[in-house]
Amino acid sequence: MLKDKAILITGGTGSFGKKLTEILLRDHKPRKIIIFSRDEMKQWKMQQTYPASRYPCMRYFVGDVRDLDRLSLAFMGVDIVIHAAALKIVPTAEYNPFEAVRTNITGSQNVITAAIARDVEKVLALSTDKAVSPANLYGATKLCMEKLFIAGNSYVGSQRLRLAVVRYGNVVGSRGSVVPLFLKMRRKGVLTITDPRMTRFWITLEQSVRFVISCLANMSGGEVFVPKLPSMNIQDLAQGLAPECRTEVIGIRPGEKLHELLISRDEARNTLEQGDRFLIRPSFEYFAGPAETPAGTPVPEDFEYSSGSNAWQLRHEDLAELARNLVLDDDAR
0 MLKDKAILIT GGTGSFGKKL TEILLRDHKP RKIIIFSRDE MKQWKMQQTY PASRYPCMRY
60 FVGDVRDLDR LSLAFMGVDI VIHAAALKIV PTAEYNPFEA VRTNITGSQN VITAAIARDV
120 EKVLALSTDK AVSPANLYGA TKLCMEKLFI AGNSYVGSQR LRLAVVRYGN VVGSRGSVVP
180 LFLKMRRKGV LTITDPRMTR FWITLEQSVR FVISCLANMS GGEVFVPKLP SMNIQDLAQG
240 LAPECRTEVI GIRPGEKLHE LLISRDEARN TLEQGDRFLI RPSFEYFAGP AETPAGTPVP
300 EDFEYSSGSN AWQLRHEDLA ELARNLVLDD DAR
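Numbering-wise, the sequence shown is residues 0 to 332 according to numbering that gives the first Met the number 0.
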């Protein structure tokens with residue numbers, strides 16, 4: 000499905016983009032991979048790993064999703080776009096709300112507009128559990144991004160373009176995640192945790208990339224794909240990573256939730272269970288989606304996919320084993 004395709008990754012120098020590039024080069028043989036990001040230093044570093052002399056399909060394109068003209072130029076001849084660019088740090092978004100809106104909302108609209116103008120085949124956007132009943136600005140911008148991508152299918156007319164969303168939880172070991180933070184704290188003998196009851200969904204970088212690739216193969220347009228994931232308790236994670244350390248409770252930070260949601264009860268009426276995932280269908284009638292209803296089993300009307308009530312909970316022994324086998328992203332070390 001991806002062989003001989005031209006694939007562009009916005010935010011391609013991030014943890015996800017680098018892992019996706021690795022897997023695409025190894026397993027899928029695309030015609031071209033375009034790394035689109037605004038950080039020239041990270042692009043330079045990535046070129047040391049994947050130089051064009053050794054990987055002739057690689058292209059590096061400095062640009063910002065806020066710049067529609069630059070996106071339109073970068074999208075020429077592109078078949079598939081993975082939209083991973085975002086401002087993601089919760090406190091940063093709260094303090095710089097205009098910047099978060101410009102990147103996460105306006106930037107996403109620019110991706111859609113450029114994809115329509117350049118007759119791209121598929122665009123898949125990466126979202127987060129924080130978009131469900133958002134408690135912070137970052138989550139609210141990601142909710143808007145999801146709505147834009149779903150509704151964007153109504154604007155493509157007779158073109159081949161289809162747009163969809165993947166929504167998943169916290170990526171273990173990525174830049175800014177709790178695992179590298181705890182590993183650094185372990186050197187001092189004290190781990191700070193916000194609340195011992197707190198839970199989060201858990202997904203590895205490799206799992207997130209392979210899930211996205213599988214969704215590309217199956218998307219018809221307008222879907223939100225949600226993987227079935229295990230949950231972790233923050234206290235168990237601390238014990239699993241550093242059993243020799245003491246923990247200090249510092250309280251939940253502004254904008255944080257005790258438990259995260261991947262599917263709300265309001266979305267349950269449009270949700271199908273499909274093996275290793277859930278599929279949330281578009282709810283508005285104006286969407287000109289696929290003619291046939293996708294296969295799957297409707298979830299109960301009161302269904303809610305929460306990290307707190309999730310039956311698949313990892314114990315601290317499981318977390319310790321995963322942490323031992325974890326390869327951290329270079330930027331997270």
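Every residue, glycine too, gets a C-beta built ideally from N, C-alpha and C.
Where residue i falls: helix, strand or coil (DSSP)
i: G11; result: coil
i: I34; result: strand
i: P179; result: helix
i: K121; result: strand
i: A51; result: coil
i: A310; result: coil
i: L24; result: helix
i: R185; result: helix
i: A319; result: helix
i: M0; result: coil
i: A331; result: Summary for A331: the model assigns pLDDT 44, below 50, so the residue's position carries little reliability, and this model does not support an answer.
i: A5; result: strand
Check whether residue i and residue j have beta carbons under 8 Å apart
i: N169; j: R199; result: yes
i: A73; j: F35; result: yes
i: R30; j: K4; result: yes
i: I8; j: A83; result: yes
i: V211; j: L86; result: no
i: G62; j: R69; result: yes
i: V131; j: L1; result: no
i: I115; j: Q158; result: yes
i: E145; j: D78; result: no
i: G254; j: E93; result: yes
i: K141; j: N109; result: no
i: E272; j: G295; result: yes
i: M57; j: K17; result: no
i: I192; j: I81; result: no
i: L125; j: S230; result: no
i: S305; j: H258; result: yes
i: P133; j: G221; result: no
Supposed contact pair residue j and residue i - C-beta distance, whole angstroms, cut 8 Å
i: V171; j: T127; result: So it is not a contact: roughly 14 Å between Cβ atoms.
i: T12; j: Y49; result: Incorrect: roughly 11 Å between the Cβ atoms, too far for contact.
i: P226; j: R264; result: P226 to R264, Cβ: 19 Å. No contact.
i: V223; j: R166; result: 6 Å
i: V298; j: A267; result: 5 Å
i: V178; j: N135; result: Wrong, their Cβ atoms sit about 21 Å apart, outside the cutoff.
i: R65; j: T105; result: 6 Å
i: Y59; j: Q47; result: No, Y59 and Q47 are not in contact; Cβ-Cβ is about 11 Å, not under 8 Å.
i: L160; j: D194; result: No, L160 and D194 are not in contact; Cβ-Cβ is about 43 Å, not under 8 Å.
i: T292; j: I279; result: Rounded, the Cβ-Cβ distance is 13 Å, inconsistent with contact.
i: A113; j: S71; result: 5 Å
i: S107; j: F148; result: 7 Å
i: L318; j: L228; result: The Cβ separation is near 14 Å, so there is no contact.
i: E303; j: I251; result: That belief does not hold up - the Cβ atoms of E303 and I251 are roughly 20 Å apart, past 8 Å.
i: Y54; j: L24; result: 6 Å
Below-8 Å beta-carbon distance, residue i vs any chain B residue
i: Q238; result: Among the protein chains of the structure shown there is no chain B, as only one such chain exists.
Notebook entry, point to check: What are the complete beta strand (DSSP E) segments, minimum 3 residues, inside the region 67 to 118?
Noted result: Counting only runs that start and end inside the region 67 to 118, the beta strand (DSSP E) elements of at least 3 residues fall at 79 to 82.
Checklist line | Three or more C-beta pairs below 8 Å linking the region 149 to 158 and the region 239 to 246 | finding: By the Cβ test, the region 149 to 158 is not in contact with the region 239 to 246, since fewer than three Cβ pairs between them sit closer than 8 Å.
Notebook entry, point to check: In chain order, which continuous runs of the beta strand (DSSP E) of length 3 or greater are located wholly inside the region 190 to 271?
Noted result: If we require 3 residues or more, the beta strand (DSSP E) runs fully inside the region 190 to 271 come out as 198 to 203, 223 to 226, 230 to 232, 245 to 248 and 260 to 262.
Note to self: Quick test of the definition: if touching needs 3 or more C-beta pairs under 8 Å, does the region 204 to 212 touch the region 179 to 189?
What the structure shows: Fewer than three pairs of CB atoms, one per stretch, sit closer than 8 Å, so the region 204 to 212 makes no contact with the region 179 to 189.
Check: Which parts of the region 120 to 160 are runs of the beta strand (DSSP E), unbroken and 3 residues or longer, counting only runs that do not cross its ends?
Finding: 121 to 127, all fully within the region 120 to 160.
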